[in-house]
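What follows is a single structure, written as structure tokens, with notes after it.
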Amino acid sequence: MTVHGRDYEAALDVATKHAKDWLASVGERPVPARADIGAVLGALDGPLPGGGKAPQDVVDELAAAVEPGLLAIGSGRFFGWVMGGTLPASLAADVLVSAWGQNAGMRTPTPGVAAVEETAARWLLEALHLPRTADVGFPTGGTTANFVGLAAGRQAVLERAGWDVTTCGLIGAPPVHVLAGDERHDSVDLALRYLGLGLPRTVAVDDQGALRADALAAALDQVPSDEPVLVALQAGNLHSGAFDPFGPAIAAAHAHGGWVHVDGAFGLWAAASPALAHLTDGVADADSWATDAHKTLNVGYDCGIAVVRDPRAVRAALGAHAAAYLFDAPGAANPYEKVPEMSRRARGVPVWAALRQLGRSGVADLVGGLAANARAIASGLADIDGVEVLNDVVYTQVVFAVGDDDRTHAVGAAILADGDTWISGSVWHGRAVLRVSVSNWSTDAADVARTLAAVRRAVDATA
Ligand SMILES: *Cc1c(COP(=O)(O)O)cnc(C)c1O
């Protein structure tokens with residue numbers, strides 16, 4: 100059958116209309132979903148239909164069923180977890196990625212998107228001040244980016260110990276000593292689990308959750324000098340936004356011949372802002388870095404960024420070495436050799452579009468603006484009777500509590516019931532807290548004011 104553009108046209112037109120309606124509503128609508136999952140499942144109930152339906156009607160049916168169950172993550176008043184919105188150029192580029200339908204795992208047969216991803220990679224290294232010769236892969240998120248960096252590290256430190264983990268596996272391998280701060284992100288543990296390395300040895304942190312360099316040095320002193328060492332550091336503590344002391348920590352790990360991986364899912368972007376870059380001092384001396392495009396950069400889900408200083412290490416760890424049917428890419432690596440996936444979406448293309456929309460100064464303004472909004476929210480919160488801001492607000496994260504745990508829980512519930520803003524709850528240093536993560540490009544002064552008013556209402560309602 101000949102496929103014509105018009106076979107897609109009606110469905111795409113309907114999808115574009117629903118997309119625009121949704122986006123137009125996001126600025127003003129309540130942030131939480133109107134319907135719960137039971138209601139959406141109810142709307143989708145029934146067996147697989149016996150017959151088909153016209154594509155545009157499928158899109159209509161989908162949008163009608165799902166819309167009540169959508170959380171307005173793209174709202175300027177959404178501060179849950181650490182989740183960014185989507186820049187317009189990035190969203191539109193993502194639509195093209197779907198239409199183009201490229202399997203972007205190989206470089207030679209799909210040169211269009213491969214070239215865009217390689218350009219995005221080059222720009223990322225420039226924006227984040229990382230070594231220009233490092234390899235950049237685009238996996239699904241921070242978790243898989245942590246996996247990539249730690250996989251390359253496992254490969255390299257075992258190779259230095261005379262062990263080829265690619266061929267021999269871990270059984271019988273020299274022990275790998277893995278060290279990480281007490282307030283690392285869970286995804287570091289997940290990545291280590293995928294790699295068969297188990298839980299890391301925990302290194303003490305300071306009152307903001309940043310790893311203590313003296314504690315790391317003491318832990319490293321316990322490791323026999325010829326044994327493999329992996330150290331996972333963090334740029335951006337989930338709660339406080341704190342950054343590990345990269346200079347001394349990396350120097351100590353390197354003195355032991357260790358590999359240093361940095362989980363910078365949202366924090367690595369501080370390097371792109373002249374006003375915040377001091378937070379990442381020394382980070383470029385690490386061996387691998389993980390970050391997300393779908394958080395601070397405001398690229399849509401899903402997109403992580405995995406950067407490895409030594410391209411040989413990542414290709415040895417993740418490349419397929421015997422697949423003769425794949426295209427070799429002399430000189431440059433294939434995209435699939437830098438991520439866990441073989442077939443893959445060209446998810447680096449929306450990254451290119453975000454960087455092209457913003458430019459270098461726009462990236463700096465975006466990151467600086469998120470931090471400025473966080474400071475404004477923190478100072479507004481501190482003015483509300485009974486609210487205690489618990490962290491040093493150095494970046495995009497604000498942690499606060501209202502009286503005891505019960506009151507804090509009640510305020511959190513009241514905020515979500517109110518719906519004008521979204522702030523998620525957590526536990527930090529044994530205490531129930533509410534956590535504001537400023538990650539959306541569109542948050543403006545009016546959103547900050549509305550958010551503070553919503554918190555004040557919730558505090559008053561629970562007094
Ligand atoms: C979000 C986050 C991750 C995990 O990233 P995903 O994109 O959700 O896989 C890892 N580390 C930190 C610090 C994060 O904030």
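Letter by letter, the sequence shown follows residues 100 to 562 of my numbering. We put the CB at the ideal spot given by N, CA and C, even for glycine. None of the values given here were measured: they were computed from a predicted structure.
By the rule of a C-beta closer than 6 Å to any heavy atom of ligand 1, the residues picked out are VAL181, GLY240, GLY241, THR242, HIS284, SER286, GLY335, LEU337, ASP362, ALA364, PHE365, ASP391, GLY403. The Cβ atoms of LEU375 and VAL466 sit closer than 9 Å to each other.
Counting along the chain, no beta strand (DSSP E) covers LEU161; the unbroken alpha helix (DSSP H) around it starts and ends at 154-165. Between the segment 365-372 and the segment 214-234 there are three or more C-beta pairs closer than 8 Å, enough to call the two in contact. Pairwise C-beta distances place the segment 407-420 in contact with the segment 384-395, as three or more of them are shorter than 8 Å. Across the set CYS402, LYS437, VAL406, the C-alpha of LYS437 shows the shortest separation from the C-alpha of GLY418. About 15 Å separates the CB atoms of VAL328 and VAL361; that is not less than 8 Å, and the two are not in contact. Taking the Cα positions, ALA416 is about 15 Å away from GLY261. Within the segment 312-357, the alpha helix (DSSP H) runs of at least 4 residues that lie entirely inside it are, in chain order, 312-320, 345-354. Where LEU454 is concerned, the enclosing alpha helix (DSSP H) starts and stops at 447-481. The Cβ-Cβ distance between ASN433 and ARG221 does not fall below 9 Å. Secondary structure of HIS276 (DSSP, three-state): strand. Checking the DSSP bridge columns, you'll see LEU533 partnered with PHE499, GLY524. Boundaries of the beta strand (DSSP E) harbouring ARG300: 300-302, taken from the DSSP string.
Here GLY340 is buried: its Cβ has 16 or more other Cβ atoms, across all protein chains shown, within 10 Å.
Looking from the CA of PRO274, the closest CA among ARG253, THR265, ARG292, ASP281 belongs to ARG253. For GLY236, DSSP records a beta bridge to ALA405.
Here ASP144 carries a coil assignment [DSSP, helix/strand/coil].
Bounds of any alpha helix (DSSP H) do not take in SER538, whose DSSP letter is neither H nor E. Rounded to whole angstroms, the Cβ separation of TRP451 and GLY184 is 18 Å, and the two are not in contact under 8 Å.
Following the DSSP letters along the chain, one finds VAL488 in no alpha helix (DSSP H) but inside the beta strand (DSSP E) bounded by residues 486-488. In this model, HIS284 and ALA214 are separated by some 33 Å (Cα to Cα). Going by beta carbons, VAL535 and LEU457 fall outside the 9 Å limit. Shown here for ASN490: same chain residues with a beta carbon closer than 6 Å to its own, the five before and five after excluded, namely SER339, VAL498 in chain order. Going by C-alpha positions, ALA352 is about 16 Å away from GLY248. TRP262 carries a coil assignment under DSSP once its states are collapsed to helix, strand and coil.
For VAL532, the CB contacts under 6 Å within the same chain, skipping 5 residues up- and downstream, are VAL498, ALA500, SER525 in chain order.
For ASP288, there is no enclosing beta strand (DSSP E); the residue is part of the alpha helix (DSSP H) that begins and ends at 285-293. PRO238 and GLY529 have their alpha carbons spaced roughly 34 Å apart. The distance from the Cβ of ASP391 to that of PHE365 is about 6 Å, consistent with a contact at the 8 Å cut-off. For ALA389, the uninterrupted beta strand (DSSP E) segment begins and ends at 387-391. Going by DSSP, LEU190 is part of the alpha helix (DSSP H) stretching over 187-199. Cβ-Cβ distances below 6 Å link LEU551 to GLY479 in the same chain, with the five nearest sequence neighbours on each side left out; the list follows chain order. In this structure PRO299 is buried. Its beta-carbon is surrounded by 16 or more other beta-carbon atoms within 10 angstroms.
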